[in-house]
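K.L.:
Provided herewith is a single structure, encoded as structure tokens, for subsequent inquiry.
In the numbering used here, the protein residues as written are 5 to 297.
The structure is reproduced here in structure tokens:
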């Protein structure tokens, strides 16, 4: 495969989230990484779910060999690490977990950690977030913010739809929260899949909050191949470009290759004819959409 020309006219970068295939990137993915690079991608998004900083340093060296840059993605896995918990011990474990993520991401050579790092994913209290829960989350994120900044990391909190999270489902609510945290290392991520569910005007939700956004997930309305669904891509890319955003546009797509992850993301069918279609056709969606914006 011929390597595509590098991006012209700006610093925006195109990435692909490796969660389509794995929660643990390794040597067995070298052929895939080579093809992702050949397709034209600037980098990949690396899941950090387990392991040590030394493990991620080794992954970083492997990505360096392919000329691939990287970002990180993770979750809060258990209620024992729940940032909103009324138990101070749980909140301290949340701080410890986020510091571990920062250490691993730094060793990887990334500088941004995205995801719903504000609550245990899939947990619900039965009501909306209370003022006390927002206070607890601020306590956790302020403690972690200085550590992230000292290690060259930014945490990009993600506005996740109401069926996966109850913390802050819209960009307005999430950005209102991060403004009260008031820390340069605690920012937000915009995800087109979640915005398609929660926002009455997904493009407007980005535009209103663009100054708070440090990472973007490009994800089709069905979690499949970007460009094959009903997300308004032309309007979305135009708004992102007009905002001056010049960081990552990272495709997040899911399939049935990882049964546990497929169950967690409610993926019960295949969305493409092949794994290659996700990143090859997805790349063209971003590249052509950005160039035409």
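Built from N, CA and C at the ideal position, the CB exists for glycine as well.
(1) I'd like to check one pair, residue 239 with residue 230: are the Cβ atoms closer than 8 Å?
(2) CB-CB under 8 Å to residue 149, same chain, minus the five flanking residues each way: which ones, in chain order?
(3) Quick check on the DSSP output: what are the complete alpha helix (DSSP H) runs of length 4 or more inside the stretch 221-266, in order along the chain?
(4) Could you tell me which residues DSSP pairs with residue 19 in its beta bridges?
(5) Taking the Cβ atom as the reference point for each residue, do residue 220 and residue 181 lie within a distance shorter than 8 Å?
(6) Looking at the unbroken alpha helix (DSSP H) that takes in residue 292, where does it start and where does it end?
(7) If you run the structure through DSSP and keep just helix, strand and coil, what is residue 63?
(8) In this structure, does DSSP put residue 204 in helix, strand or coil?
(9) Drop a sphere of 10 angstroms on the beta-carbon of residue 34, count the other beta-carbons inside from all chains shown, and report buried for 16 or more, exposed for fewer.
(10) Distance check for residue 129 and residue 66, CA to CA, integer angstroms please.
(11) DSSP beta-bridge partners for residue 367?
(12) Along the alpha helix (DSSP H) that carries residue 4, what are the first and last residues, could you check?
(13) Should residue 51 go down as buried or exposed, given a rule of 16 or more other Cβ atoms within 10 Å for buried?
(14) Just to confirm, is the Cβ distance from residue 120 to residue 54 under 8 Å?
(15) Going by the beta-carbon positions, is the gap between residue 21 and residue 49 smaller than 8 Å?
(16) Inspect the CB distances between the stretch 64-78 and the stretch 108-118 and report whether three or more fall short of 8 Å.
(17) Using C-beta distances below 7 Å, list every residue in its chain close to residue 169, excluding the 5 sequence neighbours before and after it, in chain order.
(18) Return yes when the Cβ of residue 70 is within less than 8 Å of the Cβ of residue 41, no when it is not.
(19) Measure how close the beta-carbons of residue 144 and residue 99 come, nearest whole angstrom, since I'm counting them as under 8 Å.
(20) Whole-angstrom Cβ separation of residue 241 and residue 293, contact assumed at under 8 Å?
(21) What do you get for residue 172, buried or exposed, if any count of 16 or more other CB atoms within 10 angstroms of its CB means buried?
P.N.:
Taking the definition as stated:
(1) Walking along the chain shown from the start, residue 230 turns up at place 226. Walking along the chain shown from the start, residue 239 turns up at place 235. No, the pair does not count as a contact, with Cβ atoms beyond the cut-off.
(2) Walking along the chain shown from the start, residue 149 turns up at place 145. Excluding positions up to five away in sequence, the list reads 159, 185, 187, 188, 189 and 190.
(3) 237-247
(4) In the chain shown, the residue the question calls residue 19 occupies position 15. Residue 19 pairs with 47 and 254.
(5) Residue 220 sits at position 216 when you count from the first residue of the chain shown. Residue 181 sits at position 177 when you count from the first residue of the chain shown. Result no, Cβ atoms of residue 220 and residue 181 do not sit closer than 8 Å.
(6) Along the chain shown, read from residue 1 onward, the residue named residue 292 stands at position 288. That run of the alpha helix (DSSP H) goes 279-296.
(7) The residue labelled residue 63 in the question sits at position 59 within the chain shown. The answer is helix: DSSP assigns residue 63 an H, G or I state.
(8) Against the chain shown, residue 204 aligns to sequence position 200. Note: residue 204 maps to coil in three-state DSSP.
(9) Working through the chain shown from its first residue, we reach residue 34 at position 30. Under this definition residue 34 is an exposed residue.
(10) The residue labelled residue 66 in the question sits at position 62 within the chain shown. The residue labelled residue 129 in the question sits at position 125 within the chain shown. Cα-Cα distance, rounded: 41 Å.
(11) The chain is shown only over 5 to 297; residue 367 falls outside these bounds and no answer can be derived.
(12) Here the chain has residues from 5 to 297 only, and residue 4 is not among them.
(13) To locate residue 51, count along the chain shown from 1; it is residue 47. Flag for residue 51 reads buried.
(14) Stepping through the chain shown from its first residue, residue 120 is reached at position 116. Stepping through the chain shown from its first residue, residue 54 is reached at position 50. No, these two residues do not count as a Cβ contact at 8 Å.
(15) What you label residue 21 is simply residue 17 of the chain shown in a count that begins at 1. What you label residue 49 is simply residue 45 of the chain shown in a count that begins at 1. Yes, Cβ-Cβ distance for residue 21 and residue 49 is below 8 Å.
(16) yes
(17) For the purposes of this step, residue 169 is taken as residue 165 along the chain shown, with counting starting at 1. Here the set comprises 120, 123 and 125.
(18) As a first step, residue 41 is located in the chain shown; it is residue number 37 there, counting from the start. As a first step, residue 70 is located in the chain shown; it is residue number 66 there, counting from the start. Cβ distance < 8 Å, so residue 41 and residue 70 count as in contact.
(19) Taking the chain shown and counting its residues from 1, one reaches residue 144 at position 140. Taking the chain shown and counting its residues from 1, one reaches residue 99 at position 95. About 6 Å; that satisfies the 8 Å criterion.
(20) To locate residue 241, count along the chain shown from 1; it is residue 237. To locate residue 293, count along the chain shown from 1; it is residue 289. Between residue 293 and residue 241 the Cβ distance is about 4 Å, and since that is below 8 Å, they are a contact.
(21) As a working note, residue 172 is residue 168 in the chain shown. So residue 172 counts as buried.
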